[in-house]
Structure formats: C-alpha cells, structure tokens
Amino acid sequence: MTCLSENEQGAELLTGYLSKALDAARMAELGRHIQECADCRGLASVWQRLDEFAVPEVSLGFDARLYARIAREEARIPSSSWRRWLWRPVAPLAAAAAVVALVLGFLHVPGGPDSAKQASNVEIEQVAQAVDDLDLLTSLADTRER
Amino acid sequence: MEAVVAPDRDAQLMLRVRQGDDTSFGMLLERHRGPVVHFLYRMVQNQAVSEELAQEVFLRVYRSRETYEPTAKFTTWLFRIATHVALNSIRDRKKEKGHESLDEEMLDGTERQVADRQPTVEQEMVHEVKLREVRQAIEALPAKQRVAVLMHKYEGLDYAQIAGVLSCSESAIKSLLFRAYEALRDRLAHMA
C-alpha cells in the first residue's frame, strides 16, 4: 500500500481511520499500514496532538443570560407576539372561518334578504286587499244611494 | 433556491419553536449549547468571548424562528450562523486591537481543567507548551481551513455538512481538509 497521506483520497481514508469511522476490516488494514509508514504515523500523531486542545465547561449561567437577553428583546419589540400570532398557520384559517360565519349569519338574521322579500310580498297582498275592500264599500254605497 | 429536505429531529424541534413552543427551543439549546460554545472557543480562543458569541448565535436562531424553513440539516444551519458570527468577531477584533497575545487569553478555563487532574508542575508546563503550540498551529490556518478542521475533528460534522456551512462542494472540502492537516503536520511534526 502506498503512503496514504500523499493524496486526498488516502488522507480521507486516514482521517476515517483516526476518527474510527471505517469498518473493522478497513481499520485493521490501515492499522497495519500506519505501523509501517512514517508519514502516515506523522499524520496520525498530529490527529492525537489536536486532542490536547481541550475546552472549558460552559458557564452555569449561560442559559439564564440567554433567556434574559431574549426577554429584553421581546419587551423592546412588543409587536413580536402579534407577528408570531399572524405567522401561525391557523390564523388565516380562523380569519376565513370568521368571514364565512359572518356572511351566513347575515343571511339568516331577521331583516336579512329572505325576510325582506317575505315582508314585501305581505305588503302587496295587504294593499291589494285594501283596494278590493274599498271597491266593495264603494259599490255598497252606490247601491244604497240608488 | 435550496430544496426543502425531510426535517431531522432538530429541524422538527425548530419547526415547533416557529409555532410558539419555547420548550422546544430549550431542548435545542440543551443539545447544541456545548458544541457551539466549544467550536467558538476554539475559533476565538477566549472563553468569555466564545460564550458571548454563542449567545449571539442562539439569539439569532430564536429571532429566525418565524421564518425558519428546514432547507438543510439543522446543525448545518446552526454552524453556518456560528461560523459567520465567529469570522465577523475575529475580523472586528483584528481591526480594533491588532493581534492579541494568546498567552494572556490562556488564563481561563482550559488551564483550570488541567489543574483539576492535579499533574506535577513539570507535567503541567509540558502540557501548556504543547497546548500553546496546537492552538497557535490552528490559529495560523487560513479561516476556511480552520473552520473545516474544527468542525471535522472536534464536532464530528461530515463532509456534506461542512460543505453546507462553507457553501462549497464536498470535493472542495476534502481538498481543504487535506491541505489543512498537511499544514498542521508540518507545524507540529516536532511534537511527534
């Protein structure tokens, strides 16, 4: 096997080996190669050296500081909650449902279009009846005068 | 335009945050607080600054909740924000102060961890020298190489994710990492 650290494909295999991301057979094969190849051992050594770069624990108050910043920001932009509400998928549906309910309600309340039509018909019948009654009275009066 | 992919678990949590579920934001914070702070610490090599930048990262995540779309893995999106914040900070600090001595900034968390293991004075000094050399070798890498190495070596991101963070192809990332590890081997060869 040629030196793995001389080309990108080899280096990719080598970093796969070092991060233990290869299957068992490949791991064994590369392990044997690294024992024999000084350059690859050098790259493996660098990988181990990088482990020296430890990191400190995250401060205990990290979350509290973050939530305080978020709260301050939310308080500074009061419209944010409104914007969030408007972004919710249910909001347009609720608005559409409200409009539909309003229209349906209008069509069925007393004084709506159906009721107005019925009232108009009743009024015509009443006038016609009144005219008929007046004609009848007039006829009767004429008859008495004769 | 990026295609919408099937949301991973983190992306599903973020979608719940979008719907106003702040508990899901807490879960995301719990899962990613450590990796983000550690990545930023290795980028800027200062604990206070790294935590301040991490706060900015999570604040941006929270601010973006209303417009969030799972166009990539959540961690790719998160580390893209973290990388952007870190590179801006490094650029601003260079403008403001010039290069700072790493020696002054090493007096924080990392040394406390060494002290906890109670090594001898000699072991501690050897460790400090090695650590300083590793930190300087990483800091000397060009910004993109540094970001790629930190995400690959320490945060376990795969080539596709690193490519997503740095907006380039996977083959470009492989090439970038190859050059970066070569440079580190040259700089740290005497430590082998």
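Sequence order for the protein chains is A and B.
Numbering-wise (the working numbering), the first sequence opens with residue 1 and increments by one.
Numbering-wise (the working numbering), the second sequence opens with residue 1001 and increments by one.
Yeah, the Cβ is synthetic: ideal placement off N, Cα and C, and Gly gets one too.
These numbers come from a predicted model, not from an experiment.
Query                                                                                                                      : Result
Collapsed DSSP secondary structure at residue 54 of chain A in the structure displayed                                     : coil
Partner residues on chain E for residue 36 of chain A, Cβ-Cβ distance less than 9 Å                                        : Absent here is chain E; the protein component of the structure consists of chains A and B.
Complete alpha helix (DSSP H) runs within the segment 1006 to 1057 of chain B (minimum length 4 residues, chain order)     : 1009 to 1018 and 1022 to 1044
Cα-Cα separation, residue 1111 of chain B to residue 51 of chain A                                                         : Confidence in residue 1111 of chain B is poor, its pLDDT being 44 and thus under 50, which makes the residue's placement too unreliable to answer from.
Buried versus exposed call for residue 1040 of chain B [16 or more other C-beta atoms within 10 Å across all chains shown] : buried
Residue 67 of chain A: first and last residue of the uninterrupted alpha helix (DSSP H) it sits in                         : 62 to 76
For residue 23 of chain A, the three-state DSSP class (helix, strand or coil)                                              : coil
Three-state class that DSSP yields for residue 1156 of chain B in the structure shown                                      : coil
Residue-chain proximity (residue 49 of chain A, chain B), Cβ-Cβ < 8 Å                                                      : yes
Which listed residue (B/1072, B/1172 and B/1049) has its alpha carbon closest to that of residue 1089 of chain B           : B/1049
Test: residue 69 of chain A CB closer than 8 Å to a CB of chain B                                                          : yes
Helix, strand or coil at residue 1068 of chain B [DSSP, three-state]                                                       : coil
Nearest residue (CA-CA) to residue 11 of chain A, options B/1082, B/1187 and B/1171                                        : B/1171
Beta-carbon proximity check, residue 1148 of chain B vs residue 1138 of chain B, cutoff 8 Å                                : no
Chain B contact for residue 65 of chain A (CB, 8 Å cutoff)                                                                 : yes
Where residue 11 of chain A meets chain B, residues with beta-carbon distance less than 7 Å                                : 1178 and 1181
Residue environment, residue 1065 of chain B, which counts as buried when at least 16 other CB atoms sit within 10 Å       : buried
Segment contact flag, the segment 57 to 67 of chain A with the segment 24 to 31 of chain A, C-beta cutoff 8 Å, min 3 pairs : no
Amino acids of chain B, ordered along the chain, whose beta-carbon sits closer than 7 Å to that of residue 4 of chain A    : None at all; the shortest Cβ gap to chain B is about 11 Å.
Minimum C-alpha distance to residue 1031 of chain B - residue among B/1074, B/1136 and B/1052                              : B/1074
As assigned by DSSP and simplified to three states, the class of residue 59 of chain A                                     : coil
Against chain A: residues of the segment 1028 to 1055 of chain B by CB proximity under 8 Å                                 : 1029, 1033, 1034, 1037, 1038, 1041, 1042, 1047, 1051, 1054 and 1055
Proximal chain A residues relative to residue 1134 of chain B, where beta-carbon distance stays under 7 Å                  : 49, 50, 52 and 53
Alpha carbon of residue 25 of chain A to alpha carbon of residue 16 of chain A, nearest angstrom                           : 13 Å
Whole-angstrom C-beta distance between residue 1059 of chain B and residue 70 of chain A, which should lie under 8 Å       : 7 Å
Enclosing alpha helix (DSSP H) for residue 1177 of chain B [first to last residue]                                         : 1170 to 1188
8 Å Cβ cutoff, residue 1062 of chain B in contact with chain A                                                             : yes
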